[in-house]
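What follows is a single structure, written as structure tokens, with notes after it.
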Amino acid sequence: MHKEIINKIKPELNKAVEHLKTEIGSLQVGRATPALVENIEVEAYGSRTPIKHLGSISAPEPRLLVIQPWDQSILKDVEKAIVTQRPGMSPVIDGEIIRIAMPALSEERRKEILGILSEKVEQAKIAVRLKREKAWKEIQDLTSEGKIREDDKFRAKDDLQKIIDEHNEKIDEMGEGKKKEIMTV
Numbered sequence: 020m021h022k023e024i025i026n027k028i029k030p031e032l033n034k035a036v037e038h039l040k041t042e043i044g045s046l047q048v049g050r051a052t053p054a055l056v057e058n059i060e061v062e063a064y065g066s067r068t069p070i071k072h073l074g075s076i077s078a079p080e081p082r083l084l085v086i087q088p089w090d091q092s093i094l095k096d097v098e099k100a101i102v103t104q105r106p107g108m109s110p111v112i113d114g115e116i117i118r119i120a121m122p123a124l125s126e127e128r129r130k131e132i133l134g135i136l137s138e139k140v141e142q143a144k145i146a147v148r149l150k151r152e153k154a155w156k157e158i159q160d161l162t163s164e165g166k167i168r169e170d171d172k173f174r175a176k177d178d179l180q181k182i183i184d185e186h187n188e189k190i191d192e193m194g195e196g197k198k199k200e201i202m203t204v
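Counting along the sequence shown from 1, when you hit position 44 you're at 63 in this note's numbering, and nothing is skipped either side.
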């Protein structure tokens, strides 16, 4: 019965790790990646839509992003969204595309980004910790209701902690990988 509780939180833990992956992918580290702009929402066609649904995004050079909207009538809308939602990025309309040159990061900006990164990693760990506490409470409730034995409760605690440790390890690895990427000049 305790395995059901543990299996139930696995997708939630995976979701926390995936959310972190998305969040740190959007951190600007001096190298152009589509993840920097793909989730910026553009006011177009009467609703807010992410850029990735409005056109193609590519990084033809290490410090250059190119966005090619499928509908040329929204070029200005895409440019405006980038300027307002990503200060520091300077999109330039060049015919039917938008070019964004990525400036090299200063040491000060790198430190700022490291602070943001550690914040996002900590938020992911907090989410995992909250899921663990919720599952542990459910296991304890089952024990107090007499649905599982005391030794099964402790076995469940060990199983739960093993899964939590695995997810925390993934979070740490992702954070360290991004940290190396940020500090690479």
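Ideal Cβ positions, reconstructed from N, Cα and C, are used throughout, including at glycine.
- Task: Look at the Cβ atom of Met-121, then the Cβ atom of Leu-84, and state whether they are nearer than 8 Å.
- Result: Annotated as proximal: Met-121 and Leu-84, with beta-carbon spacing under 8 Å.
- What are the boundary residues of the beta strand (DSSP E) that Arg-118 is part of? 116–120
- Query: Are Ile-101 and Ile-59 close, meaning C-beta to C-beta below 8 Å?
  - Reply: yes
- Message: Per DSSP, what are the beta-bridge partners of Ile-145 in this structure?
- Response: Bridge partners of Ile-145: none, in fact.
- Task: Give the range of the beta strand (DSSP E) segment to which Gly-74 is assigned.
- Result: Counting along the chain, the beta strand (DSSP E) containing Gly-74 begins and ends at 74–80.
- Query: Roughly how many angstroms separate the alpha carbons of Ile-190 and Tyr-64, rounded to a whole number?
  - Reply: 38 Å
- Neighbourhood of Glu-192 by C-beta, 8 Å cutoff - its chain only, sequence neighbours within 5 removed: none
- Item | 8 Å CB neighbourhood of Thr-41 in its chain, flanking five on each side removed | Ala-54, Asn-58
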